[in-house]
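*Asks:* If you read the protein sequences in the order shown, they are chains A and B. Take the position in the first sequence, starting the count at 1, then add 459; the result is the number in the numbering used here. Take the position in the second sequence, starting the count at 1, then add 459; the result is the number in the numbering used here. Where is the CB? At the ideal position from N, CA and C, for every residue including glycine. Before I ask anything, let me first share the structure, which is written out below as structure tokens.
2 protein chains.
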Amino acid sequence: MDFELSLRPYILEVNARLAQLLPLETAEPPQLHQAMRYSALAPGKRIRPVLSLICAGENRRDALDAACAIEMIHCFSLIHDDLPALDNDDLRRGLPTCHVKFGEAIAILAGDALFALAFETVANQKSPFEITVPTIQILTTAVGSLGLVGGETIDILSEGKPVDAATLELIHRRKTASLIAASCEIGALFSKSNSRAKLREYGECIGLAFQIADDVLNETGTADQLGKAAGSDRERQKATYPAVYGIEASRTKALDLAKTASQCVQGLDNESLLQGIARYTVERLN
Amino acid sequence: MDFELSLRPYILEVNARLAQLLPLETAEPPQLHQAMRYSALAPGKRIRPVLSLICAGENRRDALDAACAIEMIHCFSLIHDDLPALDNDDLRRGLPTCHVKFGEAIAILAGDALFALAFETVANQKSPFEITVPTIQILTTAVGSLGLVGGETIDILSEGKPVDAATLELIHRRKTASLIAASCEIGALFSKSNSRAKLREYGECIGLAFQIADDVLNETGTADQLGKAAGSDRERQKATYPAVYGIEASRTKALDLAKTASQCVQGLDNESLLQGIARYTVERLN
Numbered sequence: 460m461d462f463e464l465s466l467r468p469y470i471l472e473v474n475a476r477l478a479q480l481l482p483l484e485t486a487e488p489p490q491l492h493q494a495m496r497y498s499a500l501a502p503g504k505r506i507r508p509v510l511s512l513i514c515a516g517e518n519r520r521d522a523l524d525a526a527c528a529i530e531m532i533h534c535f536s537l538i539h540d541d542l543p544a545l546d547n548d549d550l551r552r553g554l555p556t557c558h559v560k561f562g563e564a565i566a567i568l569a570g571d572a573l574f575a576l577a578f579e580t581v582a583n584q585k586s587p588f589e590i591t592v593p594t595i596q597i598l599t600t601a602v603g604s605l606g607l608v609g610g611e612t613i614d615i616l617s618e619g620k621p622v623d624a625a626t627l628e629l630i631h632r633r634k635t636a637s638l639i640a641a642s643c644e645i646g647a648l649f650s651k652s653n654s655r656a657k658l659r660e661y662g663e664c665i666g667l668a669f670q671i672a673d674d675v676l677n678e679t680g681t682a683d684q685l686g687k688a689a690g691s692d693r694e695r696q697k698a699t700y701p702a703v704y705g706i707e708a709s710r711t712k713a714l715d716l717a718k719t720a721s722q723c724v725q726g727l728d729n730e731s732l733l734q735g736i737a738r739y740t741v742e743r744l745n
Numbered sequence: 460m461d462f463e464l465s466l467r468p469y470i471l472e473v474n475a476r477l478a479q480l481l482p483l484e485t486a487e488p489p490q491l492h493q494a495m496r497y498s499a500l501a502p503g504k505r506i507r508p509v510l511s512l513i514c515a516g517e518n519r520r521d522a523l524d525a526a527c528a529i530e531m532i533h534c535f536s537l538i539h540d541d542l543p544a545l546d547n548d549d550l551r552r553g554l555p556t557c558h559v560k561f562g563e564a565i566a567i568l569a570g571d572a573l574f575a576l577a578f579e580t581v582a583n584q585k586s587p588f589e590i591t592v593p594t595i596q597i598l599t600t601a602v603g604s605l606g607l608v609g610g611e612t613i614d615i616l617s618e619g620k621p622v623d624a625a626t627l628e629l630i631h632r633r634k635t636a637s638l639i640a641a642s643c644e645i646g647a648l649f650s651k652s653n654s655r656a657k658l659r660e661y662g663e664c665i666g667l668a669f670q671i672a673d674d675v676l677n678e679t680g681t682a683d684q685l686g687k688a689a690g691s692d693r694e695r696q697k698a699t700y701p702a703v704y705g706i707e708a709s710r711t712k713a714l715d716l717a718k719t720a721s722q723c724v725q726g727l728d729n730e731s732l733l734q735g736i737a738r739y740t741v742e743r744l745n
């Protein structure tokens with residue numbers, strides 16, 4: 460599809476730089492570095508770092524290391540979420556999860572090491588400190604106990620329990636939308652002209668839309684499409700939009716969010732790519 | 460003892476600031492914040508943050524948040540090391556470990572959240588960015604796959620296997636000495652007059668001496684002294700100095716390291732406190 464093709468150069472830039480930033484598999488201890496590279500370089504949509512690059516406008520090269528750091532953080536969170544004590548998932552991106560491949564101890568430590576490497580990468584980037592420090596502020600707020608990790612906690616604690624709409628939105632905003640919003644806002648930091656507040660709002664909307672679409676696809680997709688077992692959320696009695704609103708109303712919510720997102724970026728640099736991503740987020744629903 | 464009394468004001472400053480920096484137990488999700496506070500505020504020697512404050516000389520107040528961040532990182536590493544998939548420890552600082560008290564999922568996530576909070580705390584500190592960015596560089600290098608997390612990995616992979624002297628030193632340097640050296644170096648960043656290189660070397664020496672002393676005490680101490688089961692390293696066939704060198708030669712190595720440490724800080728600010736800590740590190744052996 461044409462639009463996916465237009466993202467290709469961004470994805471390739473991220474993949475190439477990630478491969479440079481991660482220590483070699485031979486570095487001591489090799490098992491740890493193999494696990495880090497296995498998980499971080501597995502094929503993925505790279506939606507977060509690509510958003511950072513697009514939001515950085517013409518300064519996208521300056522934003523590349525921060526973008527890769529965001530992908531490392533995303534990857535750390537997936538490795539830990541997949542652990543037996545949490546979601547206990549065996550498949551991720553169509554491959555055995557990190558703990559299935561390398562054992563639980565190495566998976567926990569590989570997640571920790573990717574998390575540290577993310578902040579190391581940002582701290583070492585060749586940008587003015589006036590960009591580096593706010594990048595770390597935005598990232599840590601997005602990821603911490605009041606962001607992604609807090610959202611994952613509420614998600615885990617809600618399993619098997621009836622969840623109201625407010626809690627469901629809280630989980631999804633923290634668990635998914637917060638890091639996507641941070642990706643856009645951090646991109647905007649590097650840009651000369653893009654609006655930080657508008658791009659943050661855009662990121663929040665597509666982040667939430669993206670998670671609702673994921674929930675719907677988990678219900679309606681096949682294992683082949685998903686790269687993991689279909690219907691696994693329902694089986695584990697996870698808090699999902701389809702469980703609370705039904706599939707059709709969930710689709711509508713996602714479409715409305717994509718529309719709001721698209722209004723946020725009118726007139727900004729790279730508008731057509733940003734509009735395209737907003738559409739793509741919900742197009743997966745068709 | 461007089462010397463421990465002289466560290467007391469530093470420990471109290473750290474404890475008070477840690478209690479402020481950690482989100483309240485009522486913050487959503489409460490279980491996560493309870494676990495974070497339970498582990499981070501449990502009584503501890505606070506040796507790392509105290510070293511940062513002492514190395515900061517007369518600017519110790521400026522270094523307080525960075526010092527607390529180091530304690531959060533130490534605490535994150537303890538929570539994850541204690542997990543069933545790693546060291547499987549039930550007791551820590553005389554209390555049930557985080558996963559015993561809150562369950563494995565919350566313990567993993569509380570560790571992650573403390574890690575994020577540490578970098579958030581440094582990024583938000585009221586110091587010039589010329590101090591903040593190097594602080595994060597030093598910390599991430601000390602903690603990552605080539606530092607603490609890498610050391611823990613080699614340690615886990617070496618369990619039950621014969622370990623040579625070089626591997627043993629690598630484990631201890633990375634697992635313990637690297638964060639203690641970073642604590643000293645970061646303190647020096649804040650100081651106007653202290654020598655960064657000398658304090659880093661001092662930290663490396665006392666860090667290694669401290670871990671050797673811990674190994675010896677694990678063999679010779681009682682559960683009451685240790686706050687955990689005695690002889691647990693031997694039972695798990697952990698790589699330790701007594702296992703490789705015997706108890707007497709291990710004592711001698713620790714004493715030699717303390718002596719080198721003490722030479723590093725001659726003439727520096729707060730020399731007597733730094734000398735005292737070097738002595739204290741190995742005095743526990745008597």
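Nearest by alpha-carbon distance to B/L744: which of B/P701, B/A624, B/K697 and B/L481 is it?
*Replies:* Selected option, being the one with the closest Cα: B/P701.
*Asks:* Could one say the Cβ of B/I595 lies closer than 8 Å to chain A's Cβ atoms, at least one of them?
*Replies:* Closer than 8 Å to some Cβ of chain A, the Cβ of B/I595 qualifies, so yes.
*Asks:* Using a threshold of 8 Å, state whether the C-beta atoms of B/A601 and B/T591 are closer than that.
*Replies:* Not a contact, by the Cβ cut-off of 8 Å.
*Asks:* Strictly below 8 Å CB to CB, what residues from chain E border A/A478?
*Replies:* Absent here is chain E; the protein component of the structure consists of chains A and B.
*Asks:* Which chain A residues are close to B/L492, counting only those with a beta carbon under 7 Å from its beta carbon?
*Replies:* For clarity, residue 492 of chain B is His in the given sequence; the question names Leu instead. The answer, in chain order, is S604.
*Asks:* Per the DSSP calculation, A/P555 is bridged to which residue(s)?
*Replies:* Beta-bridge pairing links A/P555 to A/L550.
*Asks:* Below 8 Å on the Cβ atoms is my contact criterion, and I expect B/F649 with B/N518 to pass it. Report the Cβ-Cβ distance as a whole number of Å.
*Replies:* That belief holds up - the Cβ atoms of B/F649 and B/N518 are roughly 5 Å apart, short of 8 Å.
*Asks:* Taking 8 Å as the threshold (beta carbon to beta carbon), is B/D674 in contact with chain A?
*Replies:* No, B/D674 does not count as interfacial toward chain A.
*Asks:* Going by C-alpha to C-alpha distance, which of A/I506, A/R520, A/C527 and A/G516 sits closest to A/V473?
*Replies:* Of the listed residues, the one whose Cα sits closest to A/V473 is A/C527.
*Asks:* Please name the residues in the segment 566-590 of chain A whose beta-carbon is closer than 9 Å to at least one beta-carbon of chain B, in chain order.
*Replies:* Within the segment 566-590 of chain A, the residues whose Cβ lies closer than 9 Å to some Cβ of chain B are A566, I567, L568, A569, G570, D571, A572, L573, F574, A575, L576, A577, F578, E579, T580, V581, A582, N583, P587, F588 and E589, listed in chain order.
*Asks:* At a CB distance below 7 Å, what residues from the segment 526-557 of chain A approach chain B? Give them in sequence order.
*Replies:* Against chain B - using a Cβ distance shorter than 7 Å - the residues of the segment 526-557 of chain A are H539, L542, A544 and L545.
*Asks:* Could you compute how far the alpha carbon of A/I639 sits from the alpha carbon of A/M531?
*Replies:* Roughly 13 Å separates the two Cα atoms.
*Asks:* A/I615: which of B/E742, B/R476, B/Q490 and B/R655 sits nearest, CA to CA?
*Replies:* Closest by alpha carbon: B/Q490.
*Asks:* What are the uninterrupted segments assigned as beta strand (DSSP E) that are 3 or more residues long and contained completely in the segment 464-544 of chain A, given in chain order?
*Replies:* Counting whole runs of 3 or more residues, the segment 464-544 of chain A contains no beta strand (DSSP E) stretch at all.
*Asks:* For a cutoff of 8 Å on Cβ pairs, would you count B/T635 as touching chain A?
*Replies:* No, B/T635 lies away from the interface with chain A (no Cβ there is under 8 Å from its Cβ).
*Asks:* Determine which residues of the segment 611-632 of chain A have a Cβ less than 8 Å from any Cβ of chain B, and write them out in chain order.
*Replies:* So the close ones are E611, T612, I613, I615, L616 and L629.
*Asks:* Helix, strand or coil for B/R710? Go by DSSP, reduced to three states.
*Replies:* B/R710: helix per DSSP, three-state reduction.
*Asks:* Within this structure, are the beta carbons of A/E579 and B/T612 separated by less than 8 Å?
*Replies:* Going by C-beta atoms, A/E579 is not nearer than 8 Å to B/T612.
*Asks:* If contact is defined by three or more beta carbon pairs under 8 Å, each pair taking one atom from either stretch, is the segment 556-568 of chain A in contact with the segment 626-643 of chain A?
*Replies:* The segment 626-643 of chain A vs the segment 556-568 of chain A: no contact.
*Asks:* If the cut-off is 7 Å on Cβ atoms, which residues from the segment 660-674 of chain B count as contacting chain A, listed in chain order?
*Replies:* If the cut-off is 7 Å between Cβ atoms, the segment 660-674 of chain B has nothing near chain A.
*Asks:* Mind listing the chain B neighbours of A/E742? Cutoff is C-beta to C-beta under 9 Å, in chain order.
*Replies:* In chain order: nothing, as chain B lies at least about 33 Å away.
*Asks:* Quick one: is A/T556 buried, meaning 16 or more other Cβ sit within 10 Å of its Cβ, or exposed?
*Replies:* It is buried - the Cβ of A/T556 has at least 16 other Cβ atoms within 10 Å.
*Asks:* Is it the case that the segment 645-660 of chain A contacts the segment 708-715 of chain A, given that we only count it when at least three CB pairs across the two stretches are under 8 Å?
*Replies:* Contact fails: fewer than three Cβ-Cβ distances are below 8 Å.
*Asks:* If we cut at 8 Å on Cβ distances, does A/E563 have a partner in chain B?
*Replies:* Cβ-Cβ to chain B under 8 Å: yes for A/E563.
*Asks:* Which whole runs of the alpha helix (DSSP H) in the segment 563-630 of chain A are 4 residues long or more, in chain order?
*Replies:* Segments of the alpha helix (DSSP H) lying fully in the segment 563-630 of chain A: 563-583, 588-602 and 607-617.
*Asks:* For A/P482, which residues in chain B fall below 8 Å Cβ to Cβ?
*Replies:* The answer, in chain order, is S604 and L605.
*Asks:* With H, G and I counted as helix, E and B as strand and the rest as coil, what does DSSP make of B/A668?
*Replies:* Three-state result, B/A668: helix.
*Asks:* What residues in its chain sit with their C-beta under 8 Å from that of A/S654, if we drop five residues either side in the sequence?
*Replies:* These residues qualify, in order along the chain: A647 and L727.
*Asks:* Is there a Cβ of chain A sitting closer than 8 Å to that of B/V592, yes or no?
*Replies:* Closer than 8 Å to some Cβ of chain A, the Cβ of B/V592 qualifies, so yes.
*Asks:* Can you pull the chain A neighbours of B/T485, defined as C-beta to C-beta under 9 Å?
*Replies:* Going along chain A, no residue has its Cβ under 9 Å from B/T485, so there is no contact; the nearest lies around 13 Å.
*Asks:* Between the alpha carbons of A/G503 and A/L477, how many angstroms are there, rounded?
*Replies:* Rounded to the nearest angstrom, the two C-alpha atoms are 12 Å apart.
*Asks:* Taking the alpha helix (DSSP H) that A/T740 falls in, what are its first and last residues?
*Replies:* It spans E730 to E742 - the alpha helix (DSSP H) in which A/T740 sits, taken as one unbroken run.
*Asks:* Taking Cβ to Cβ, would you say A/S604 is nearer than 8 Å to B/L576?
*Replies:* In this structure, B/L576 lies closer than 8 Å to A/S604 by Cβ.
*Asks:* Is the Cβ of A/V608 closer than 8 Å to any Cβ of chain B?
*Replies:* A/V608 counts as touching chain B.
*Asks:* So which residues on chain B does A/P488 lean against when the C-beta distance must stay under 7 Å?
*Replies:* Those are G609, T612, I613 and L616, listed as they occur along chain B.
*Asks:* Quick check: is the beta carbon of B/T681 nearer than 8 Å to any beta carbon in chain A?
*Replies:* Answer no: the Cβ-Cβ gap between B/T681 and chain A never drops below 8 Å.
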